[in-house]
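Student: Could you have a look at this structure, given as structure tokens, before my questions?
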Amino acid sequence: MAEVQLPTYDIVIFGASGFTGKHVVREALKFLSPDSPLKTLALAGRNPSKLSETLKWASTSTSHPTIPLLVADTSDPPSLRRMASQAKVLLNCVGPFRLHGDPVVDACVEAGCDYLDICGEPEFMEKMEAVYHEKAVEKCSLVICACGFDSIPAEFGFMFNSSQWVYPAVPNRIEAYLYAESDKKIVGNFATFESAVLGLANADKLMKLRRSGRRRARPSIPGYAPPKESRIERQKKLGLWALKIPSADATVVRRTLSILTENPNGLQGVNEHPKQEEKRIAFWSRVKPAHFGVKVASKNLLDLLPWITVGLSIGRLGGSSIGRWFLLTFPSVFSLGKFRKKGPTKDQLGSASFKMWFVGHGFSDAKLASRRNAGPDTEIVTRVMGPEFGYLTTSIILVQCALIVLERWGDLPKGGVFPPGIVFGPTDLQDRLQKNGVCFEF
Ligand SMILES: NC(=O)c1ccc[n+]([C@@H]2O[C@H](COP(=O)([O-])OP(=O)(O)OC[C@H]3O[C@@H](n4cnc5c(N)ncnc54)[C@H](OP(=O)(O)O)[C@@H]3O)[C@@H](O)[C@H]2O)c1
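Pasting the structure below:
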């Protein structure tokens, strides 16, 4: 019997009924039009009535558009294959990714569709690269994890700062300070807390994966590696207290810098116009490698207490199954209210915003870097700002990345598993973010 040809959609949003997924749907609907690269959209998830509720919630008018709803469950591989075969670009919002992501990537690579997600879990991202890169190249499927707040503001903020260093000046390290602002409480949804707890519980797996994989190329960074510093810092210039946190951002930036070391002109597009090729080469010639780290910051030392509590609770309890049970049953208690099972309210989302400062330290002349005991003598500060970061900024970023994949596919590599910076760096993503409320300032 002949197979029935299912319709395909420009974008399929999987996990559309989740807390983040529904904001992604709302953002995507703004760009759905016959004149846009996004002409057709479908929502996917395991529960059709929740998808239908999501569509009502996300539509601005009372007559919500007729958008197909696809049923797919991560525990049902045929349903994932069906969904992937119907997508040009699949946006995966189903997490924690370590629990749900692998079969979705597998289905997308097999179907040859492009895959973007909002993962912030280093082990998942690096495992997908190790397992699927070769096959994704062969099947012409682009797989790009971390296309949300993790880790595009960090990657683009890093590249923006490092591009301000004009030769002979060179950066040595760039430190990002994330400052979330609101007159209401700043709250995250449970799934992010769960991802962090499971990440720590499986930290040894990440180490094992890194040891077993091929050695990554290391960029050559002028000067010494920064000395080990205390966890809490008073950042006088910004007037902030800052706490060093383990961050997916730093690992994603390192992966982009490593690919750049092996491909100093970046990655060639599958059908690149000579003008774009010139633009790409010029873009990467301005980006300089540097050490990178991320800190959460606040005006008041006491405001760091919930972050310290989250770190200590996960560190102390995350290693045992009974400890994890307590953490995952009472997230609000163990995070002093930073994470809730119901996520932030509409008011909390609406009143929040973020600023991420990038403080670059380096040398006014690259020659100084090779002198014994010479430390950085120059500082460049830049920043990225936007609305509430976890859900609103994440949705803006994910949708803009998807629009670029649809519209500018010829400028992008034909397939493979990559971090977002190396793929989107030389595109117009920064301009698009700027137009949609995520701003870069020098
Ligand atoms: N990168 C970033 O900055 C960023 C920002 C926000 C979130 N995230 C990450 O995104 C993920 C989702 O977060 P969230 O807060 O949106 O979580 P959430 O509200 O719990 O949503 C999870 C979604 O996954 C779906 N799902 C769960 N199990 C499934 C299965 N077996 N098959 C198909 N769908 C399934 C849920 O479907 P139902 O609706 O049917 O339950 C729901 O739509 C987390 O990993 C989080 O860490 C990252």
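Counting in this note's numbering, the final residue of the sequence shown is number 1790, and the numbers go up one at a time with none missing.
For glycine and all other residues, C-beta sits at the position ideal for the given N, C-alpha and C.
Nothing here was measured: the structure is a model prediction, and the numbers come from that model.
Considering only residues of the segment 1418-1476, which uninterrupted beta strand (DSSP E) runs meet the minimum length of 3 residues and lie entirely inside it, listed in chain order?
Tutor: Qualifying beta strand (DSSP E) stretches, in chain order: 1435-1440, 1462-1465.
Student: In whole angstroms, what separates the C-alpha of glutamate 1789 from that of valine 1707?
Tutor: Answer to the nearest angstrom: the Cα atoms are 12 Å apart.
Student: Cα separation between lysine 1762 and glycine 1460?
Tutor: When rounded, the distance between both Cα atoms is 10 Å.
Student: Comparing C-alpha positions only, which one of Ala1544, Ser1743, Pro1470, His1639 sits nearest to leucine 1557?
Tutor: Nearest C-alpha to leucine 1557: Pro1470.
Student: Relative to the alpha-carbon of aspartate 1776, which residue among Leu1751, Gln1512, Met1555 has its alpha-carbon at the smallest distance?
Tutor: Per the Cα distances, Leu1751.
Student: To the nearest angstrom, report how far apart aspartate 1454 and tyrosine 1480 are at their CA atoms.
Tutor: In a straight line, the C-alpha of aspartate 1454 is about 8 Å away from that of tyrosine 1480.
Student: Go to tryptophan 1589, then tell me how far its beta strand (DSSP E) extends in each direction, as first and last residue.
Tutor: Start and end: 1588-1592.
Student: Looking at the structure shown, is arginine 1780 part of a helix, part of a strand, or coil, going by DSSP?
Tutor: Note: arginine 1780 maps to helix in three-state DSSP.
Student: Just to confirm, is the Cβ distance from phenylalanine 1766 to proline 1679 under 8 Å?
Tutor: Cβ atoms of phenylalanine 1766 and proline 1679: not closer than 8 Å.
Student: Quick check on DSSP: helix, strand or coil for alanine 1484?
Tutor: Looking at alanine 1484 - three-state DSSP - the assignment turns out to be helix.
Student: Quick check: what's the CA-CA separation for leucine 1684 versus serine 1397?
Tutor: C-alpha separation (whole angstroms): 34 Å.
Student: At a cut-off of 7 Å, would you count arginine 1672 as near ligand 1, judging by its Cβ distance to the nearest heavy atom?
Tutor: Because no heavy atom of ligand 1 lies under 7 Å away, the Cβ of arginine 1672 does not count as near it: no.
Student: Any heavy atom of ligand 3 closer than 7 Å to the CB of proline 1622?
Tutor: For ligand 3, the structure offers nothing, since it holds only ligand 1.
Student: So the candidates are Ala1539, Ser1743, Ile1770, Tyr1525; which of them puts its Cα closest to the Cα of glutamate 1610?
Tutor: Ranking the options by Cα distance to glutamate 1610, first place goes to Ile1770.
Student: Can you tell me whether DSSP reads arginine 1731 as helix, strand or coil?
Tutor: In the structure shown, arginine 1731 sits in a strand (DSSP, three-state: E or B).
Student: Among Ile1593, Leu1716, Lys1532, which one has its Cα closest to the Cα of proline 1692?
Tutor: That would be Lys1532, whose Cα lies nearest to the Cα of proline 1692.
Student: So glycine 1505 and methionine 1733 are in contact, right, with Cβ under 8 Å, and what is the actual spacing, rounded?
Tutor: Not really, about 10 Å apart at Cβ, beyond 8 Å.
Student: Can you check the segment 1680-1756 for any beta strand (DSSP E) of at least 3 residues that lies completely inside it and give the ranges in chain order?
Tutor: The segment 1680-1756 contains these whole beta strand (DSSP E) runs: 1701-1711, 1726-1735.
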